[in-house]
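Using our numbering, you'd call the opening residue of the sequence shown number 3 and step up by one each time.
Following: one structure in structure tokens, then a few remarks.
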Amino acid sequence: MAIGRVSAPGLRTLRTPTHIRRDPTDHWVLTVGLGAATKVVSNGGAHAVPVRVPFVTSLAEACESTRARDDRLHLYVARDRFAALSRILDQVRGPLAGPLGALLADYL
3 MAIGRVSAPG LRTLRTPTHI RRDPTDHWVL TVGLGAATKV VSNGGAHAVP
53 VRVPFVTSLA EACESTRARD DRLHLYVARD RFAALSRILD QVRGPLAGPL
103 GALLADYL
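Written out as structure tokens, the structure is:
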């Protein structure tokens, strides 16, 4: 596991099948935007994620995200080190809204 805080300008990121073949990192990423909403499009669907709502993405699948300038928190979870969480995290890809998502955001 690794946790980080990033401050970055607005940007669009793209992880394509070509990127995945070149770099087969398959970690999950739990992200919390602290100042800007994020639009995420992946195999799990398209989501508009509000500020301070955590969301889960998998680096094992193609993904596109767009956001304005933001400070954000990222928690990287290695799939092979936390195999017991695989089914759960694969099922919850996308926003984690509601009281438990808010609790997770506050905890991070």
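We put the beta carbon where it would ideally sit given N, CA and C, even for glycine.
Taking the beta strand (DSSP E) that residue i falls in, what are its first and last residues?
i: His21; result: His21 -> not in any beta strand (DSSP E); alpha helix (DSSP H) instead, spanning 19-24.
i: Ala10; result: 4-10
Which class does residue i belong to by DSSP, given the choice of helix, strand or coil?
i: Gly103; result: helix
i: Asp72; result: strand
i: Leu36; result: coil
i: Ala48; result: strand
i: Leu110; result: coil
Would you list the one or two residues that DSSP bridges to residue i?
i: Gly96; result: Val58
i: Ser67; result: Thr15, Val42
i: Val79; result: Trp30
Candidates the options: which alpha carbon is nearest residue i's?
i: Gly96; options: Asp73, Leu16, Ala48; result: Ala48
i: Trp30; options: Asp92, Pro52, Gly100, Asn45; result: Asp92
Suppose you measure from the CA of residue i to the CA of residue j; what does that come to, to the nearest Å?
i: Gly37; j: Glu66; result: 19 Å
i: Val55; j: Asp82; result: 26 Å
i: Gly1; j: Asn45; result: Summary: the structure shown does not reach residue 1, with the chain confined to residues 3 through 110, and so no result is reported for it.
i: Arg14; j: Arg74; result: 15 Å
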